[in-house]
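For our numbering, count along the sequence shown from 1 and bump the result up by 40.
By construction, the Cβ of each residue, glycine as well, lies at the ideal position given by its N, Cα and C atoms.
All of these numbers come straight from a predicted model, not from anything done at the bench.
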Amino acid sequence: MKAVVITTPGGPEVLLLQEVEDPQINEDEVLVKVEATALNRADTIQRQGRYPPPKGASPYPGLECSGTIEAVGKNVSRWKIGDQVCALLSGGGYAEKVAVPAGQVLPVPQCVSLKDAASLPEVACTVWSTVFMMSRLSAGETFLVHGGSSGIGTFAIQIAKHQGVKVFVTAGSEEKLAVCKDLGADVCINYKTEDFVARVKEETGGKGVDVILDSVGAPYFQKNVDSLNIDGRLFLLGFMGGAVTQVNLGSLFAKRITVQALLLSIDYMTLVHLLLVIMHAAAGLRTRTLENKAEIVSEVEKNVWPAIVAGKVKPVVFKYLPLSEAAESHRLMETSQHIGKILLVA
41 MKAVVITTPG GPEVLLLQEV EDPQINEDEV LVKVEATALN RADTIQRQGR YPPPKGASPY
101 PGLECSGTIE AVGKNVSRWK IGDQVCALLS GGGYAEKVAV PAGQVLPVPQ CVSLKDAASL
161 PEVACTVWST VFMMSRLSAG ETFLVHGGSS GIGTFAIQIA KHQGVKVFVT AGSEEKLAVC
221 KDLGADVCIN YKTEDFVARV KEETGGKGVD VILDSVGAPY FQKNVDSLNI DGRLFLLGFM
281 GGAVTQVNLG SLFAKRITVQ ALLLSIDYMT LVHLLLVIMH AAAGLRTRTL ENKAEIVSEV
341 EKNVWPAIVA GKVKPVVFKY LPLSEAAESH RLMETSQHIG KILLVA
């Protein structure tokens with residue numbers, strides 16, 4: 041088969057489409073003929089040599105895919121050859137075929153094309169596990185997502201609105217904010233021209249929001265704390281703006297704030313100094329056990345898939361590129377000009 045190989049750590053130019061050996065499945069896996077895969081920030085970090093795949097995982101990038109099942113392991117009962125599916129991966133999506141543990145496979149939702157289904161597994165599993173399973177966001181609460189026009193952001197807006205939550209977003213242009221508003225965001229804040237802390241306080245009568253989902257990291261940490269309500273929950277997906285910061289512990293104590301990250305859980309009673317060495321959302325999913333990932337996938341199918349089938353949550357795809365243009369897709373992602381997901385079509 042053909043797969044995109046990271047020939048050496050570096051820029052997008054190190055991604056080359058090459059002939060490689062077909063993957064072999066074990067008794068608990070299925071073999072998927074890939075229709076499409078979606079880009080995630082973790083892919084660019086892996087390309088730079090700062091995020092090696094877990095032991096035993098595919099060396100090729102790609103943390104989600106859609107396609108058709110070509111073979112099933114002897115212990116697999118739910119799936120059969122010919123099923124159209126999408127899947128959460130530990131790697132290997134940038135290829136024509138990929139082996140996937142059966143517990144990480146999802147049916148393609150009705151009303152979603154096989155190609156577009158590649159945009160769903162990673163964002164659905166990340167948002168549902170972090171925002172709803174771990175941060176316990178519930179109907180009637182308020183939620184702020186930074187980077188509302190990203191793949192994570194566009195999905196989080198829709199599923200949070202479906203759950204009866206008031207949604208705040210930040211983004212860096214009026215065009216991106218307009219898309220967020222169309223997706224259901226209630227309060228849209230241009231972080232380049234407006235202080236999001238002041239706007240959040242204004243819109244909540246000085247209370248702050250209940251849950252924040254953030255990928256910026258250090259520059260936003262104290263601002264996030266200042267934007268949270270009593271018993272607020274902050275979930276950190278990454279540190280695109282920096283990894284080290286200082287925090288006013290008094291504000292954490294006063295508000296009984298919970299801070300969590302994908303590889304780190306911090307209780308306000310023991311937090312003294314914040315040093316985040318975590319990856320993008322995919323890192324937390326990628327390194328979890330097979331059992332834990334299967335549990336998350338099951339919860340997503342039960343709670344999120346019905347909303348997609350009902351048309352309440354839709355894929356947001358910015359651009360389709362062929363697998364041979366993986367380097368160009370990475371260049372595009374690193375400009376941060378896209379809205380939603382970028383897909384590579386096998």
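Residue pairing by DSSP places Glu339 in no beta bridge whatsoever. Rounded to the nearest angstrom, the gap between the Cα atoms of Val237 and Val227 is 12 Å. In this structure, Pro101 and Gly133 form a Cβ contact; the two beta carbons are roughly 7 Å apart against a cut-off of 8 Å.
Around the beta carbon of Val284, fewer than 16 other beta carbons sit within 10 angstroms, so the residue counts as exposed. In the structure shown, Thr194 adopts helical secondary structure according to DSSP, grouped into three states. About 40 Å separates the Cβ atoms of Leu177 and Ser364, ruling out a contact at the 8 Å cut-off. The beta carbon of Leu383 sits closer than 8 Å to those of Ala76, Thr77, Ala78, Leu79, Lys155, Asp156, Ala158, Ser159, Val357, Lys359, Tyr360, Leu361, all from its chain and outside the five residues before and after it, given in chain order. For the pair Glu110 and Leu129, the CB atoms are not nearer than the 9 Å cut-off. Contact between Lys206 and Thr170 is absent: CB atoms are separated by about 18 Å, not below the 8 Å threshold.
Among the bridge pairs identified by DSSP, Val185 is matched with Val209, Leu253. Contact between Gly248 and Leu268 holds, since their C-beta atoms are separated by about 5 Å, short of 8 Å. The three-state reading of DSSP puts Asn264 in helix, counting H, G and I together. When only Cα atoms are considered, Asn230 and Trp345 end up about 31 Å apart. For Thr84, the enclosing alpha helix (DSSP H) covers residues 81 to 87.
A distance below 7 Å between beta-carbons, with the five flanking residues on each side excluded, links Asn115 to the following residues of its chain, in chain order: Glu67, Asp68.
CA-CA distance, Asn264 to Asn288, rounds to 12 Å. DSSP lists Thr108 as the beta-bridge partner residues of Gln124.
In terms of Cα proximity to Gly131, the closest of Gly180, Met174, Val152, Val74 is Val74. If you check the CB distance, Gly188 and Ala211 come in under 9 Å. Bounds of the beta strand (DSSP E) holding Glu75 are 69 to 78.
The DSSP-derived three-state label of Phe279 is coil. In the displayed model, Asn230 falls within a strand according to three-state DSSP. In this structure, the beta-carbon distance from Leu71 to Val138 falls below 9 Å.
Between Val240 and Ser175 a beta carbon distance of about 17 Å is seen, past the 8 Å cut, so the two are scored as non-contacting.
Per DSSP, the beta bridge partners of Pro362 are Val385. A residue is called buried when at least 16 other Cβ atoms come within 10 angstroms of its Cβ; Phe293 does not meet this threshold and is exposed.
Straight across, the Cα-Cα distance linking Thr108 with Pro149 is about 14 Å. Excluding five sequence positions before and after Cys220, the CB atoms of its chain that fall closer than 8 Å to its own CB belong to Gly188, Ser189, Gly193, Thr194, Ile197, Val209, Ala211, Cys228, given in chain order. When the alpha-carbon of Gln88 is set against those of His370, Lys342, Trp168, Thr233, the nearest one is in His370. Here Arg118 is not bridged, per DSSP, to any residue. For Pro141 against Ser98, the beta-carbon gap comes to about 12 Å, at or over 8 Å, which does not count as contact.
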